[in-house]
Amino acid sequence: MLRDSDDRAMHELILTRPDLALPHPTSFSQVASRATTRESVRRVLDQLNALDLWVAQQASADPGPVSAPDIEGVPTDVAARSLRRLRSLALLWGEEDALRPVRALAPELKRSPLVDPPAVEPPTFEGREHRPPDKADKVAAGSAFELVRRLEVLAEHTDHAPLRLRHDGGLAQREARVVGSLLDLPVAVAVVHAQIAQASGLIGVVPQGRTDTLLPTATFDTWQEWSLTEQWACVTRGWRQGHPPSGSARLKALCLGAFGPPDDGLVLGPADLQRWLSWHLPRLAEESTRRATLMLAQASWVGVTGLGALSSFGRGDDLTALDRLLPTRADTVLVQNDLTAVASGPLTPDAARELGALADVESRGGATVYRFTVDSLRRAHGFGWTSAEITSTLAARSRTPIPQPLGYLIADLERTDPLPAGAVPGSPRPAHPAHRRPLRATVTPLTGVDEALTIDDESASLIISALRRSARPEAAVDSQELTAADGMSDSPLETLRESVETGELVWVGYVDTRGTAGERLVYANAVEEGRLLARDSRTAERLSIPVHRITVAHIIRGGSV
Numbered sequence: 337m338l339r340d341s342d343d344r345a346m347h348e349l350i351l352t353r354p355d356l357a358l359p360h361p362t363s364f365s366q367v368a369s370r371a372t373t374r375e376s377v378r379r380v381l382d383q384l385n386a387l388d389l390w391v392a393q394q395a396s397a398d399p400g401p402v403s404a405p406d407i408e409g410v411p412t413d414v415a416a417r418s419l420r421r422l423r424s425l426a427l428l429w430g431e432e433d434a435l436r437p438v439r440a441l442a443p444e445l446k447r448s449p450l451v452d453p454p455a456v457e458p459p460t461f462e463g464r465e466h467r468p469p470d471k472a473d474k475v476a477a478g479s480a481f482e483l484v485r486r487l488e489v490l491a492e493h494t495d496h497a498p499l500r501l502r503h504d505g506g507l508a509q510r511e512a513r514v515v516g517s518l519l520d521l522p523v524a525v526a527v528v529h530a531q532i533a534q535a536s537g538l539i540g541v542v543p544q545g546r547t548d549t550l551l552p553t554a555t556f557d558t559w560q561e562w563s564l565t566e567q568w569a570c571v572t573r574g575w576r577q578g579h580p581p582s583g584s585a586r587l588k589a590l591c592l593g594a595f596g597p598p599d600d601g602l603v604l605g606p607a608d609l610q611r612w613l614s615w616h617l618p619r620l621a622e623e624s625t626r627r628a629t630l631m632l633a634q635a636s637w638v639g640v641t642g643l644g645a646l647s648s649f650g651r652g653d654d655l656t657a658l659d660r661l662l663p664t665r666a667d668t669v670l671v672q673n674d675l676t677a678v679a680s681g682p683l684t685p686d687a688a689r690e691l692g693a694l695a696d697v698e699s700r701g702g703a704t705v706y707r708f709t710v711d712s713l714r715r716a717h718g719f720g721w722t723s724a725e726i727t728s729t730l731a732a733r734s735r736t737p738i739p740q741p742l743g744y745l746i747a748d749l750e751r752t753d754p755l756p757a758g759a760v761p762g763s764p765r766p767a768h769p770a771h772r773r774p775l776r777a778t779v780t781p782l783t784g785v786d787e788a789l790t791i792d793d794e795s796a797s798l799i800i801s802a803l804r805r806s807a808r809p810e811a812a813v814d815s816q817e818l819t820a821a822d823g824m825s826d827s828p829l830e831t832l833r834e835s836v837e838t839g840e841l842v843w844v845g846y847v848d849t850r851g852t853a854g855e856r857l858v859y860a861n862a863v864e865e866g867r868l869l870a871r872d873s874r875t876a877e878r879l880s881i882p883v884h885r886i887t888v889a890h891i892i893r894g895g896s897v
């Protein structure tokens with residue numbers, strides 16, 4: 337069936353079931369062998385909706401070939417559509433009016449059978465509350481700005497005070513409290529902010545001694561140059577794709593799809609998502625609902641939803657409204673007598689970088705507060721900032737004169753900070769024009785990120801082309817000729833598994849315990865625990881042959897022996 341499929345059908349199959357193509361298969365037999373393993377079948381069943389699952393259950397319960405009229409509990413046209421989908425997923429094989437399930441299908445369906453026929457369409461949410469779309473956008477934009485601001489504050493903080501990690505990759509308890517105080521958030525929510533920053537590539541892991549620490553990455557330096565809208569798109573993409581506690585990217589997309597068009601302003605709660613997921617992912621409904629509930633809470637402060645409704649930019653495909661609603665950046669701050677500088681809004685990249693180098697972030701409320709200390713100024717001095725540069729930079733960035741106490745601290749740097757080795761007393765302190773950059777981490781994904789296989793369109797096309805080249809036209813070969821060109825170069829195990837599924841006659845060559853070569857024509861019943869269980873085609877003798885002793889296997893097609 338796979339050999340006869342067109343490229344479009346094979347392309348859809350590989351994208352839907354990437355485990356069939358990774359690592360790259362060498363033949364259609366290998367693809368078929370993978371498609372009929374219990375693990376692969378379980379994976380695809382976990383992604384089926386209730387309707388397709390019910391039809392698969394009905395099809396696998398019938399010992400003979402099935403067609404749409406044989407499916408009970410749903411209309412025939414609906415059953416036909418579902419059967420076509422199951423065939424396209426290689427869970428059923430054969431002609432549309434005589435379909436058979438792969439052998440692993442029935443055992444896997446027994447794990448969580450459906451008792452009653454499901455609805456043929458996903459649930460609707462009539463009578464639910466609706467919000468004005470413009471108001472939902474405004475609230476979501478405010479949350480989006482807060483998220484970007486807090487992640488920037490967090491990354492700047494780790495630049496000067498790296499956060500220590502536990503052995504399992506999570507934040508140490510003391511560090512979690514520090515982040516909560518820094519961001520003015522409950523500790524649990526602050527930890528999620530740190531996870532999103534890491535998932536977005538803004539901070540990464542750097543080993544320091546016996547412990548791992550979180551530091552900014554080079555990506556963070558680039559990220560600071562972007563617009564607020566681009567920054568938000570980056571961090572929400574990290575949240576969607578790289579934050580496993582709130583669900584996979586597919587689960588998030590599925591849940592956001594329940595809201596319908598953003599213009600509807602539909603408000604949904606955890607109970608609504610539970611109904612939605614019970615139809616779309618019945619085999620994973622309990623675990624998916626738990627993660628979706630957590631995702632729904634996070635979506636409100638990430639900026640994906642506002643007032644409980646999906647924002648117009650929540651799915652990340654149209655950011656026009658967000659760009660219009662976010663504030664503009666400022667390049668000045670208010671330096672105060674208590675040795676702090678207050679930025680009432682977002683700063684330009686240069687201003688944020690300069691203030692971050694000279695002061696420690698101390699954030700409270702809706703503004704970003706920077707605090708100048710002896711240590712922060714000495715740190716900048718060590719990176720190449722001279723007292724004159726610090727003074728001139730602050731004079732340009734501050735809307736008020738530099739307070740006298742801060743001026744004293746800056747002037748004392750040249751006197752109290754030791755000169756580099758070999759420098760002549762009284763000589764100017766050497767400074768690099770760009771100032772020495774602190775240590776940067778590499779981008780490291782969160783521990784426990786879903787490592788599900790994925791494959792892109794281009795790779796899928798290349799794999800299909802290679803499979804077509806390896807497939808020899810069936811009509812050009814005598815089906816009784818057992819030659820290496822006729823599939824004998826395939827792995828015997830793959831050929832044996834295929835013969836189990838198709839029920840076709842298979843010729844096997846093997847070596848017995850005395851080293852004597854032999855051959856048999858058999859019908860394969862199963863391949864399990866390292867042995868081929870089969871029946872001799874001539875004598876009906878039951879056979880059990882160790883797979884490692886089978887040297888070659890070939891399916892006999894086009895006739896009988």
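Quick note: the sequence shown uses this note's numbering, first residue 337, plus one each step. Ideal Cβ positions, reconstructed from N, Cα and C, are used throughout, including at glycine.
> Identify the residues that DSSP records as bridge partners of Y744: which are they?
Replying inline: On the sequence shown, residue 744 is found 408 positions in, with the first residue counted as 1. Looking at the DSSP assignment, Y744 forms no beta bridge with any residue, so it has no partner.
> Among G430, W390, P581, which residue has its Cα nearest to the Cα of L450?
Replying inline: Translated into positions along the sequence shown, residue 450 becomes position 114. L450 has its Cα closest to that of W390, out of G430, W390, P581.
>> Relative to the C-alpha of T722, which candidate in N673, Q740, E750 has its C-alpha closest?
In response: Locating residue 722 in the sequence shown gives position 386, where the first residue counts as 1. Among N673, Q740, E750, the Cα nearest to that of T722 belongs to E750.
> What does a CB cutoff of less than 7 Å around P401 pick up in its chain, not counting 5 residues either side in sequence?
Replying inline: By one-based count along the sequence shown, residue 401 stands at place 65. Cβ within range, chain order: G430, A434, L435, R436.
> How is W562 classed by DSSP in three states: helix, strand or coil?
Replying inline: In the sequence shown, the residue the question calls residue 562 occupies position 226. Coil, per DSSP.
>> Just to confirm before moving on: does the CB-CB distance between R421 and D382 stay below 8 Å?
In response: Sequence index remark: in the sequence shown, residue 421 carries index 85 (1-based). Sequence index remark: in the sequence shown, residue 382 carries index 46 (1-based). The answer is no: Cβ separation not under 8 Å.
> Per DSSP, D696 forms a beta bridge with which residues?
Replying inline: The residue you call residue 696 lines up with position 360 of the sequence shown. Paired residues: R707.
> Should K471 be labelled buried (16 or more other beta-carbon atoms within 10 Å of its own) or exposed?
Replying inline: As a first step, residue 471 must be located in the sequence shown, where it is residue number 135. It counts as exposed.
>> Using DSSP's beta-bridge definition, name the partner residues of A898.
In response: A query on residue 898 cannot be resolved here, the shown segment of the chain reaching from 337 to 897 and no further.
> So T684 packs on R665, CB below 8 Å; how close in whole Å?
Replying inline: For the purposes of this step, residue 684 is identified with residue 348 of the sequence shown, where counting begins at 1. For the purposes of this step, residue 665 is identified with residue 329 of the sequence shown, where counting begins at 1. Rounded, the Cβ-Cβ distance is 5 Å, consistent with contact.
>> Please report the straight-line C-alpha distance between E566 and L658, rounded to a whole angstrom.
In response: For the purposes of this step, residue 566 is taken as the residue at position 230 of the sequence shown. For the purposes of this step, residue 658 is taken as the residue at position 322 of the sequence shown. Answer to the nearest angstrom: the Cα atoms are 10 Å apart.
> In whole angstroms, what is the alpha-carbon distance linking T412 and A395?
Replying inline: Start at 1 with the first residue of the sequence shown, and residue 412 comes out as number 76. Start at 1 with the first residue of the sequence shown, and residue 395 comes out as number 59. Distance between the alpha carbons of T412 and A395: 13 Å.
> Cα-Cα, which of I726, D674, P682, L662 is closest to A693?
Replying inline: Within the sequence shown, numbered from 1, the residue matching residue 693 stands at position 357. Comparing Cα-Cα distances from A693 to each of I726, D674, P682, L662, the minimum goes to I726.
> Out of curiosity, what's the CA-to-CA distance linking L349 and T494?
Replying inline: Along the sequence shown, one-based indexing puts residue 349 at 13. Along the sequence shown, one-based indexing puts residue 494 at 158. Their Cα atoms are separated by approximately 45 Å.
> Considering only residues of the same chain and omitting the five flanking positions on each side of H347, which have a CB-CB separation below 6 Å?
Replying inline: For the purposes of this step, residue 347 is taken as the residue at position 11 of the sequence shown. Contacts found: A796.
> What's the call for A560, buried or exposed, on a 16-neighbour Cβ count within 10 Å?
Replying inline: Here residue 560 corresponds to residue number 224 of the sequence shown, with the count starting at 1. With the sequence shown as reference, residue 560 is identified as Gln, and Ala is not the correct amino acid for it. So Q560 ends up on the buried side.
> Is L483 near W637, with beta carbons less than 8 Å apart?
Replying inline: The residue given as residue 483 occupies position 147 in the sequence shown. The residue given as residue 637 occupies position 301 in the sequence shown. In this structure, W637 lies closer than 8 Å to L483 by Cβ.
> For the alpha helix (DSSP H) that contains Q634, what are its first and last residues?
Replying inline: Sequence index remark: in the sequence shown, residue 634 carries index 298 (1-based). Segment 621 to 638, the alpha helix (DSSP H) holding Q634.
> According to DSSP, what are the bridge partners of I891?
Replying inline: Your numbering for residue 891 matches position 555 in the sequence shown. Looking at the DSSP assignment, I891 forms a beta bridge with V842.
>> On the criterion of 16 or more Cβ atoms from any shown chain inside 10 Å, does G895 qualify as buried, or is it exposed?
In response: Taking the first residue of the sequence shown as position 1, residue 895 is located at position 559. With a pLDDT of 42 at G895, under the threshold of 50, the modelled position of that residue is not reliable, and no figure is offered here.
> Below 8 Å between beta carbons: does that hold for E834 and S341?
Replying inline: As a working note, residue 834 is residue 498 in the sequence shown. As a working note, residue 341 is residue 5 in the sequence shown. Their beta carbons are not under 8 Å apart, which means E834 does not touch S341 by this criterion.
> Taking Cβ positions, are A311 and L490 nearer each other than 8 Å?
Replying inline: For residue 311 there is no data in the structure shown, the boundaries of the chain being 337 and 897.
>> If you follow the alpha helix (DSSP H) that I532 is in, where does it begin and where does it stop?
In response: Position 196 of the sequence shown holds residue 532. That run of the alpha helix (DSSP H) goes 523 to 535.
>> If you reduce the DSSP assignment to three classes, tell me which class V897 lands in.
In response: On the sequence shown, position 561 is the one that residue 897 refers to. Here V897 scores only 40 on pLDDT, less than 50, and its place in the model is too uncertain to base an answer on.
>> As an exercise, report each continuous beta strand (DSSP E) stretch of at least 3 residues that is fully enclosed by the stretch 364 to 447, in chain order.
In response: 428 to 431, 434 to 437
> Per DSSP, what kind of secondary structure is D729 in: helix, strand or coil?
Replying inline: For the purposes of this step, residue 729 is taken as the residue at position 393 of the sequence shown. Sequence inspection shows Thr at residue 729; the Asp mentioned does not correspond to that position. The answer is helix: DSSP assigns T729 an H, G or I state.
> Considering P552, what are the terminal residues of the beta strand (DSSP E) in which it resides?
Replying inline: As a first step, residue 552 is located in the sequence shown; it is residue number 216 there, counting from the start. First-last of the beta strand (DSSP E) with P552: 547 to 552.
> What do you get for A455, buried or exposed, if any count of 16 or more other CB atoms within 10 angstroms of its CB means buried?
Replying inline: As a position in the sequence shown, residue 455 is number 119, starting the count at 1. With fewer than 16 Cβ atoms within 10 Å of its Cβ, A455 is classed as exposed.
> DSSP three-state call for P906: helix, strand or coil?
Replying inline: Nothing in the structure corresponds to residue 906, since the chain is present only between 337 and 897.
> S699: which of I407, V678, V380 sits nearest, CA to CA?
Replying inline: As a first step, residue 699 must be located in the sequence shown, where it is residue number 363. It is V678 whose Cα lies nearest to the Cα of S699.
>> To the nearest angstrom, how far is the alpha carbon of H496 from that of L775?
In response: Here residue 496 is taken as the residue at index 160 of the sequence shown, counted from 1. Here residue 775 is taken as the residue at index 439 of the sequence shown, counted from 1. Roughly 10 Å between the two C-alpha positions.
> When you compare each of V475, P459, A716, V697 to Q610 by their alpha carbons, which one comes out closest?
Replying inline: The residue you call residue 610 lines up with position 274 of the sequence shown. Of the candidates V475, P459, A716, V697, the one whose C-alpha sits nearest the C-alpha of Q610 is P459.
>> Let's test the definition: count the other Cβ atoms within 10 Å of the Cβ of S418 and tell me whether it reaches 16, buried, or not, exposed.
In response: Mapped onto the sequence shown, residue 418 falls at position 82. With 16 or more other Cβ atoms within 10 Å, it is buried.
> Do the stretch 846 to 858 and the stretch 869 to 885 meet, that is, are 3 or more Cβ pairs less than 8 Å apart?
Replying inline: yes
> How many whole angstroms separate the CB atoms of S376 and L356, which I take to be in contact at a CB cut-off of 8 Å?
Replying inline: For the purposes of this step, residue 376 is taken as residue 40 along the sequence shown, with counting starting at 1. For the purposes of this step, residue 356 is taken as residue 20 along the sequence shown, with counting starting at 1. Yes, S376 and L356 are in contact; Cβ-Cβ is about 7 Å, under 8 Å.
>> Between R339, R374, P453, which has its C-alpha nearest A386's C-alpha?
In response: Locating residue 386 in the sequence shown gives position 50, counting from the first residue. Out of R339, R374, P453, P453 has the C-alpha closest to the C-alpha of A386.
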